[in-house]
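Novice: Questions regarding the structure given below will be posed in turn.
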Amino acid sequence: MKNNNGELKEVGKLFLKLGTIAFGGPAAHIAMMEDEVVKKLKWMTHEHFLDLVGATNLIPGPNSTEMTMHCGHERAGWKGLVVAGAAFILPAVLITMVFAWLYSKYGQLPQVEPYLYGIKPAVIAIILSALISLGQKALKSTALWILGILTAAAALLGVNEILALFGCGFAGLLLYLIRNRATTANGFAPLLLLQAPLLAVQSSNFKIWLSFLKVGALLYGSGYVLFAFLDAELVAKGLLTRQELIDAVAVGQFTPGPVLSTATFVGWQLNGFWGAVAATVGIFLPSFVFVALLNPLIPKLRKSKAMSAFLDAINVAAVAVILAVAVEMSRDTLTDWRTVLIAVISFIVVFKFKKLNSAFIVIGGAVLGYLLTLV
Numbered sequence: 002m003k004n005n006n007g008e009l010k011e012v013g014k015l016f017l018k019l020g021t022i023a024f025g026g027p028a029a030h031i032a033m034m035e036d037e038v039v040k041k042l043k044w045m046t047h048e049h050f051l052d053l054v055g056a057t058n059l060i061p062g063p064n065s066t067e068m069t070m071h072c073g074h075e076r077a078g079w080k081g082l083v084v085a086g087a088a089f090i091l092p093a094v095l096i097t098m099v100f101a102w103l104y105s106k107y108g109q110l111p112q113v114e115p116y117l118y119g120i121k122p123a124v125i126a127i128i129l130s131a132l133i134s135l136g137q138k139a140l141k142s143t144a145l146w147i148l149g150i151l152t153a154a155a156a157l158l159g160v161n162e163i164l165a166l167f168g169c170g171f172a173g174l175l176l177y178l179i180r181n182r183a184t185t186a187n188g189f190a191p192l193l194l195l196q197a198p199l200l201a202v203q204s205s206n207f208k209i210w211l212s213f214l215k216v217g218a219l220l221y222g223s224g225y226v227l228f229a230f231l232d233a234e235l236v237a238k239g240l241l242t243r244q245e246l247i248d249a250v251a252v253g254q255f256t257p258g259p260v261l262s263t264a265t266f267v268g269w270q271l272n273g274f275w276g277a278v279a280a281t282v283g284i285f286l287p288s289f290v291f292v293a294l295l296n297p298l299i300p301k302l303r304k305s306k307a308m309s310a311f312l313d314a315i316n317v318a319a320v321a322v323i324l325a326v327a328v329e330m331s332r333d334t335l336t337d338w339r340t341v342l343i344a345v346i347s348f349i350v351v352f353k354f355k356k357l358n359s360a361f362i363v364i365g366g367a368v369l370g371y372l373l374t375l376v
């Protein structure tokens, strides 16, 4: 590859910029990438870019972060993959560390509580908007609706979110096999073999890393599913309070780049700076590995009908799990007329101004929370 160093610098510069300014979630991030990579820099055709977007849904992990890795690989090989992913993640991680330090020092003081009081219901509105958007894409048939309802019910009844997610995925696959009388499903076997050992990992600095490694290796669908997994991994085990988890979601909305930088915030609350480092490395490492291993296999995986059936069900389960977590968060957060009012106003704004950056919703919630506590 000619002028490899120049291409690496180009990749690093582009994705460092995007990591600094990319607010608004995965869809917004990918739109920004398309504008830069396809329209301005012409690194690849629009069709190939769409192929890569589709491929990110075939593997666990944050879609927009994995797209940076695919784009970096297309431009500068495996070194480009590493540089692009690291450059995109770095700004969010550094900014989140600052928020995490401030929160650990001042987050429980009276001066800050009114703002957090308003942020929490605003975050629920953001999650619900993501839920509706994802649901419109995922619920493509009556069978998927039924699987989604059953998965949501299971999650609300206390079934582990990861088990619910993969149980739904295998149910969708089983339906496909019955309908098509297929005997093999080779398209997804490598992924399951990679993930199986991680299902047995227990949640420490080393245990923190292992716990977030597992989440990073199993995270399908939207980055918002992360909150469901953390609820199961940390809140249910008493390592983190649900309020801290909701606050972590809010910080994830404030910062640019991947929403999985929320892991940095959570890691800091668990064990300071090194806990943040362990959580960050753990949550993002699987994405680098999966993209590197599966990039050459993308054409074959995309043609696998069995894999498509499995992923359709996984996506529906992701929506169901998000719904269950939103319900649990609402129980803890919407405790009086003020929080209900903030949630309703945030929800209306989210749907009235669909292009509005989610960071502004969080900021608006903080302001409302402060003003309403004066009433």
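Under the numbering used here, the first residue of the sequence shown is numbered 2, with each subsequent residue one higher.
C-beta atoms are modelled at their ideal positions from N, C-alpha and C, and glycine is treated no differently.
Whose CA, out of Met68, Leu145, Glu162, lies closest to the CA of Val84?
Specialist: Position 83 of the sequence shown, counted from the first residue, corresponds to residue 84. Per the Cα distances, Met68.
Novice: Taking only the alpha-carbon atoms, compute the straight-line gap between Ser212 and Pro259 and give it to the nearest angstrom.
Specialist: Here residue 212 refers to the residue found at position 211 of the sequence shown. Here residue 259 refers to the residue found at position 258 of the sequence shown. Looking at the two C-alpha atoms, the distance is approximately 19 Å.
Novice: Specify the secondary structure class of Ala237 as computed by DSSP and reduced to three states.
Specialist: Taking the first residue of the sequence shown as position 1, residue 237 is located at position 236. Coil.
Novice: For Pro27, which residues of its own chain have a beta-carbon under 6 Å away from its beta-carbon, when the five flanking residues on both sides are left out?
Specialist: Here residue 27 refers to the residue found at position 26 when the sequence shown is read from its first residue. Closer than 6 Å at Cβ, skipping near neighbours: Asn64, Ser65.
Novice: When the Cα atoms are used, what is the spatial distance from Gly78 to Lys306?
Specialist: Residue mapping note: residue 78 aligns to position 77 of the sequence shown, counting from 1. Residue mapping note: residue 306 aligns to position 305 of the sequence shown, counting from 1. Distance between the alpha carbons of Gly78 and Lys306: 29 Å.
Novice: Look at the alpha carbon of Lys41 and the alpha carbon of Met34, and state the distance between them as a whole number of angstroms.
Specialist: Position 40 of the sequence shown, counting from 1, holds the residue named residue 41. Position 33 of the sequence shown, counting from 1, holds the residue named residue 34. Roughly 10 Å separates the two Cα atoms.
Novice: What residues in its chain sit with their C-beta under 6 Å from that of Asn161, if we drop five residues either side in the sequence?
Specialist: Here residue 161 corresponds to residue number 160 of the sequence shown, with the count starting at 1. Taken in chain order, the residues that qualify are Ala233.
Novice: Are Ala126 and Ala319 closer than 8 Å when you measure CB to CB?
Specialist: Along the sequence shown, read from residue 1 onward, the residue named residue 126 stands at position 125. Along the sequence shown, read from residue 1 onward, the residue named residue 319 stands at position 318. It is not a contact, given that the beta carbons lie outside the stated cut-off.
Novice: Under a Cβ-count criterion, where at least 16 other Cβ atoms within 10 Å of its own Cβ denotes burial, should Ala154 be classed as buried or exposed?
Specialist: Within the sequence shown, numbered from 1, the residue matching residue 154 stands at position 153. With fewer than 16 other Cβ atoms within 10 Å, it is exposed.
Novice: Tell me which residues share the same chain as Val236 and place their Cβ nearer than 6 Å to its Cβ, disregarding the 5 neighbours each side in the sequence.
Specialist: Here residue 236 is taken as the residue at index 235 of the sequence shown, counted from 1. Around Val236: Arg243, Leu246.
Novice: Exposed or buried, which one is Leu103 when buried takes at least 16 other CB atoms within 10 Å?
Specialist: Residue 103 sits at position 102 when you count from the first residue of the sequence shown. With fewer than 16 Cβ atoms within 10 Å of its Cβ, Leu103 is classed as exposed.
Novice: Out of Asn5, Asp313, Val351, Ala293, state which residue places its alpha-carbon closest to the alpha-carbon of Lys141.
Specialist: One-based indexing of the sequence shown puts residue 141 at position 140. Ranking Asn5, Asp313, Val351, Ala293 by Cα distance to Lys141 puts Asp313 first.
Novice: So, do the stretch 128-141 and the stretch 320-335 have three or more beta carbon pairs nearer to each other than 8 Å?
Specialist: Yes: at least three Cβ pairs fall under 8 Å.
Novice: When DSSP labels each residue in this structure, what does Asn206 get in the three-state scheme?
Specialist: What you label residue 206 is simply residue 205 of the sequence shown in a count that begins at 1. Residue state, collapsed to three classes: coil.
Novice: Mind checking Glu48: buried by the 16 CB within 10 Å criterion, or exposed?
Specialist: Counting from 1 along the sequence shown, the entry for residue 48 is found at position 47. Counting Cβ neighbours within 10 Å, Glu48 comes out exposed, since fewer than 16 surround it.
Novice: Would a C-beta distance cut-off of 8 Å place His364 and Ser347 closer than the cut-off?
Specialist: Against the sequence shown, residue 364 aligns to sequence position 363. Against the sequence shown, residue 347 aligns to sequence position 346. The residue you asked about is not His; residue 364 is Ile in the sequence shown. Their beta carbons are not under 8 Å apart, which means Ile364 does not touch Ser347 by this criterion.
Novice: What would DSSP say about Thr97, mapped onto helix, strand or coil?
Specialist: If you number the sequence shown from 1, residue 97 lands on position 96. Note: Thr97 maps to helix in three-state DSSP.
Novice: Taking all protein chains shown into account, do 16 or more other C-beta atoms lie within 10 angstroms of the C-beta of Ala123, making it buried, or fewer, making it exposed?
Specialist: The count along the sequence shown starts at 1 and reaches residue 123 at position 122. Result: buried.
Novice: Can you tell which of Lys353, Arg339, Lys355, Lys356 has its C-alpha closest to the C-alpha of Ile120?
Specialist: Position 119 of the sequence shown holds residue 120. Here the closest residue by C-alpha is Arg339.
Novice: Out of Val250, Trp44, Leu219, which has the shortest C-alpha to C-alpha gap to Phe228?
Specialist: The residue labelled residue 228 in the question sits at position 227 within the sequence shown. Out of Val250, Trp44, Leu219, Val250 has the C-alpha closest to the C-alpha of Phe228.
Novice: What is the residue span of the alpha helix (DSSP H) that Asp313 lies within?
Specialist: Taking the first residue of the sequence shown as position 1, residue 313 is located at position 312. Unbroken alpha helix (DSSP H) run through Asp313: 306-334.
Novice: Buried or exposed for Lys356, going by 16 or more other Cβ atoms inside 10 Å?
Specialist: What you label residue 356 is simply residue 355 of the sequence shown in a count that begins at 1. The residue is exposed, with fewer than 16 neighbouring Cβ atoms inside 10 Å.
Novice: Under 8 Å between the Cβ atoms of Gly283 and Leu219?
Specialist: Along the sequence shown, one-based indexing puts residue 283 at 282. Along the sequence shown, one-based indexing puts residue 219 at 218. For Gly283 and Leu219, no; Cβs fall outside 8 Å.
Novice: Looking only at its own chain, which residues have a Cβ that is under 6 Å from the Cβ of Leu369, when we skip the five neighbours before and after it?
Specialist: The residue labelled residue 369 in the question sits at position 368 within the sequence shown. Excluding residues within five positions, the ones whose Cβ falls inside 6 Å are Gly119, Ile343.
Novice: May I have the straight-line CA-CA distance separating Asn6 from Gly13, to the nearest angstrom?
Specialist: Walking along the sequence shown from the start, residue 6 turns up at place 5. Walking along the sequence shown from the start, residue 13 turns up at place 12. In a straight line, the C-alpha of Asn6 is about 10 Å away from that of Gly13.
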